[in-house]
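Taking it in order: structure first as structure tokens, then the write-up.
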RNA sequence: GCCCAGAUAGCUCAGUCGGUAGAGCAACGCAUUCGUAAUGCGUAGGUCGUGGGUUCGAUUCCCACUCUGGGCUCCA
């Protein structure tokens with residue numbers, strides 16, 4: 134047979150032996166590439182390095198240090214973990230084990246309903262190292278579905294996946310396991326371990342090794358909470374020792390900005406045991422930041438043409454029957470309170486009460502859009518296992534607004550809402566958002582298709598006109614209308630939804646809302662639900678992590694601390710404090726009982742933006758020594774000059790925050 | 001709600017193979033009065049999350065509950 138030729142990504146062509154594999158190609162190009170290679174892309178499809186190439190193939194090599202390469206490493210490491218588990222836990226059933234961001238997991242069912250404990254991780258990891266050392270090959274094979282069912286006869290979850298594929302119910306997860314076209318592919322490491330998988334995989338386990346198992350947890354089979362609870366192990370895997378170390382270091386760093394840790398250290402708030410789960414108390418230093426956030430929010434809403442309302446925390450159950458909450462949202466509500474004249478509930482949302490305000494008298498089209506705003510306290514009965522610091526809590530405050538408008542006003546209103554939302558989020562230093570457009574769930578919605586399309590289009594246009602990238606989440610809308618959700622990431626990479634803009638045709642209907650139009654006829658308004666912070670608590674939690682507790686000067690609980698070098702300077706320090714307080718600064722002082730170095734250290738740990746030191750020189754010259762957070766010490770700064778500079782900095786930040 | 005782990009001083013943690021506990025920091029007192037990230041000495045502080053069980057005796061072993069952490073499911 135004559136040689137084959139293949140082309141490379143740079144357009145060059147290589148001649149290879151007729152039975153050459155992708156690995157041979159990598160070796161022919163260079164030993165460095167051979168070493169780094171983990172898989173290949175042939176004619177646009179990812180394949181194993183051991184796959185034989187054909188004449189005319191377009192080939193690129195996937196190396197370990199790329200996203201695709203790490204994906205392969207992680208997936209292969211998941212197989213190694215599964216093998217280790219089946220060795221250590223005879224009779225364990227394995228289900229699926231994909232690569233995920235930064236790592237992988239694998240779900241198992243242990244014999245007799247046994248569970249993993251943290252101690253098992255070390256044993257499993259040690260077993261994995263043995264498998265890596267043994268340098269077992271990953272050998273691909275293909276078979277019919279019937280043969281696969283035979284082969285995996287003692288792995289009921291694998292059989293279930295094959296059967297689902299046969300009956301064409303497969304979702305993406307299944308396809309990742311079995312491939313397409315009625316052919317099942319599998320990878321064998323040893324005679325004792327073979328796993329159904331589309332691949333590709335590294336040529337042998339010796340290519341792996343920079344991994345760490347991280348945690349065990351339960352996970353429902355197929356994500357169905359009525360299905361069996363499996364045992365999941367998460368791990369991380371990288372292309373080098375250094376990359377693994379860097380990742381682990383990054384996780385440690387992220388932990389330092391965890392809002393729960395910082396909230397305790399900075400004395401911002403706490404979750405007293407006695408109060409119950411998911412309920413927080415705000416300490417003075419957290420409360421002042423919250424007040425500033427709320428003041429800012431109120432100011433922006435006042436400027437934005439909103440009207441402020443207040444509504445109670447409790448309501449008669451009849452209200453929530455009208456709104457549909459008892460029908461659709463009862464699981465999320467606190468249990469009822471029986472009272473002499475009816476059944477009462479804590480409110481999980483503010484919208485029903487805002488609808489009552491709209492309905493309290495006849496409305497004219499001239500009043501629309503009517504924008505009702507409230508910092509409304511709501512209570513939701515979140516399931517115990519879902520609570521998470523400030524980010525998932527049971528009692529919280531929404532910066533909530535309901536906008537009543539005509540159908541024609543909807544598009545303009547949504548577009549200006551998006552401006553408003555982004556401007557507010559940016560004022561708090563957020564730039565990295567994820568936008569999601571959730572569309573109609575064809576199986577669960579109410580209202581006319583026409584108005585759904587119109588509303589969805591209005592949301593889409595608003596996103597497009599702002600040049601924003603967004604993901605469309607098909608079928609993720611609320612039953613009453615489509616929505617735009619805005620997420621930000623927390624310090625450890627988890628994404629949290631903050632803002633939401635939702636269209637609603639249902640509540641105006643249920644509450645029989647009407648306005649009198651220019652035609653003197655009665656019309657039904659459209660309602661927009663929207664929150665910018667989303668929940669003040671969640672927003673604050675994300676904010677703490679975003680700033681790592683070092684709030685910008687305009688938000689800092691204490692902005693300036695004045696430290697007299699010795700007792701003799703306390704009187705002068707007091708005059709400096711007075712001057713700053715007169716300029717509107719949040720300022721305090723710490724007398725000379727402790728050494729100066731100690732007091733500076735304390736101020737730094739509290740992340741105070743400015744530490745002012747005053748001693749003999751300053752008393753004589755009317756100056757201060759300025760030690761700014763993250764900056765250089767400057768001695769001999771005139772008090773007036775510092776006050777002016779401080780005032781300017783804060784007012785600039787506030788002006789910027791106001792979008793001026 | 002489900003799986004796993006945990007709860008010891010204000011904070012971070014050690015400890016008790018069952019005989020009622022200890023450190024560092026913080027607090028308080030005394031001394032020190034100091035020029036940019038920890039001055040020294042001393043004192044006080046815990047019914048070991050709550051309730052039950054086993055035991056002569058439980059902070060330790062067992063059970064239940066509450067709360068917390070990591071996931072799953074669900075969600076702002």
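In our numbering, the protein residues as written are 134 to 793.
C-beta atoms are modelled at their ideal positions from N, C-alpha and C, and glycine is treated no differently.
Bear in mind that the values here come from a model prediction, so they are computed numbers and not experimental data.
{"Query": "Checking 7 Å against the spacing of the C-beta atoms, do residue 333 and residue 225 come in under that value?", "Result": "no"}
{"Query": "Residue 659 by DSSP, collapsed to three states: which one?", "Result": "strand"}
{"Query": "So, with DSSP's three-state summary, where would you put residue 213?", "Result": "helix"}
{"Query": "If residue 237 and residue 208 are in contact, beta carbons under 8 Å, what's the gap, nearest whole angstrom?", "Result": "6 Å"}
{"Query": "Across the stretch 493-509 and the stretch 526-541, are there enough close Cβ pairs to call them in contact, namely three or more that are closer than 8 Å?", "Result": "yes"}
{"Query": "Identify every residue that forms a DSSP beta bridge with residue 338.", "Result": "Answer is none; residue 338 lacks a bridge partner."}
{"Query": "DSSP has residue 125 in a bridge; who is on the other side?", "Result": "Absent from the model: residue 125. The displayed extent of the chain is 134 to 793, so no value can be given."}
{"Query": "What would DSSP say about residue 793, mapped onto helix, strand or coil?", "Result": "Here the model assigns residue 793 a pLDDT of 46, short of 50, so the residue's position is not dependable, and the following value carries that caveat. Residue state, collapsed to three classes: coil."}
{"Query": "Where do the N-terminal and C-terminal ends of the alpha helix (DSSP H) with residue 559 fall, by residue?", "Result": "543-560"}
{"Query": "Only counting the same chain, and skipping five residues up and downstream in sequence, which positions put a Cβ closer than 8 Å to that of residue 737?", "Result": "744 and 762"}
{"Query": "Do residue 478 and residue 453 have their CB atoms nearer than 7 Å?", "Result": "yes"}
{"Query": "Would the stretch 145-157 and the stretch 183-195 be scored as touching if the rule is three or more Cβ pairs under 8 Å?", "Result": "yes"}
{"Query": "Does the beta-carbon distance from residue 201 to residue 194 come in below 7 Å?", "Result": "no"}
{"Query": "Exposed or buried, residue 148, counting other C-beta atoms within 10 Å across all chains shown (16 or more means buried)?", "Result": "exposed"}
{"Query": "By DSSP's criteria, residue 606 is part of a beta bridge. Which residues make up the other side?", "Result": "571"}
{"Query": "Can you tell me whether residue 432 is buried or exposed, with buried defined as 16 or more other CB within 10 angstroms of its CB?", "Result": "exposed"}
{"Query": "Quick test of the definition: if touching needs 3 or more C-beta pairs under 8 Å, does the stretch 646-657 touch the stretch 393-411?", "Result": "no"}
{"Query": "Quick one: is residue 405 buried, meaning 16 or more other Cβ sit within 10 Å of its Cβ, or exposed?", "Result": "exposed"}
{"Query": "Taking DSSP as the reference, what is the three-state secondary structure of residue 853?", "Result": "Missing from the structure shown is residue 853; the chain here goes from 134 to 793 and no further."}
{"Query": "Which ranges would you report for the alpha helix (DSSP H) in the stretch 628-672 if only whole runs of at least 4 residues count?", "Result": "639-643"}
{"Query": "What do you reckon, are the CB atoms on residue 547 and residue 596 nearer than 7 Å?", "Result": "no"}
{"Query": "DSSP three-state label for residue 276, please.", "Result": "strand"}
{"Query": "Give the single residue among 190, 176 and 346 whose Cα lies nearest to the Cα of residue 256.", "Result": "346"}
{"Query": "Within 8 Å, do at least three Cβ pairs link the stretch 268-275 to the stretch 243-260?", "Result": "no"}
{"Query": "Which word fits residue 300, buried or exposed, when buried means at least 16 other C-beta atoms lie within 10 angstroms of its C-beta?", "Result": "exposed"}
{"Query": "Only counting runs of 3 or more residues, tell me where the beta strand (DSSP E) segments fall wholly within the stretch 338-370, in order along the chain.", "Result": "343-353"}
{"Query": "Would you call the stretch 579-590 and the stretch 550-560 touching, i.e. three or more CB-CB distances under 8 Å?", "Result": "no"}
{"Query": "Does the stretch 514-530 come into contact with the stretch 403-420, if we say contact requires no fewer than three beta-carbon pairs (one atom in each stretch) closer than 8 Å?", "Result": "yes"}
{"Query": "Can you name the residues that DSSP bridges to residue 402?", "Result": "415"}
{"Query": "Check this for me: beta carbons of residue 630 and residue 620, under 7 Å apart or not?", "Result": "yes"}
{"Query": "Beta-carbon separation of residue 488 and residue 673 under 7 Å?", "Result": "no"}
{"Query": "Between the stretch 505-524 and the stretch 689-706, are three or more C-beta pairs nearer than 8 Å?", "Result": "no"}
{"Query": "Classify residue 570 as buried or exposed, calling it buried when 16 or more other Cβ atoms lie within 10 Å of its own Cβ.", "Result": "buried"}
{"Query": "Do you know how far the Cα of residue 495 is from the Cα of residue 647?", "Result": "8 Å"}
{"Query": "Could you tell me how far apart the beta carbons of residue 633 and residue 667 are, in whole angstroms, since I believe they sit closer than 8 Å?", "Result": "7 Å"}
{"Query": "Thinking C-beta only, is residue 418 closer than 7 Å to residue 690?", "Result": "yes"}
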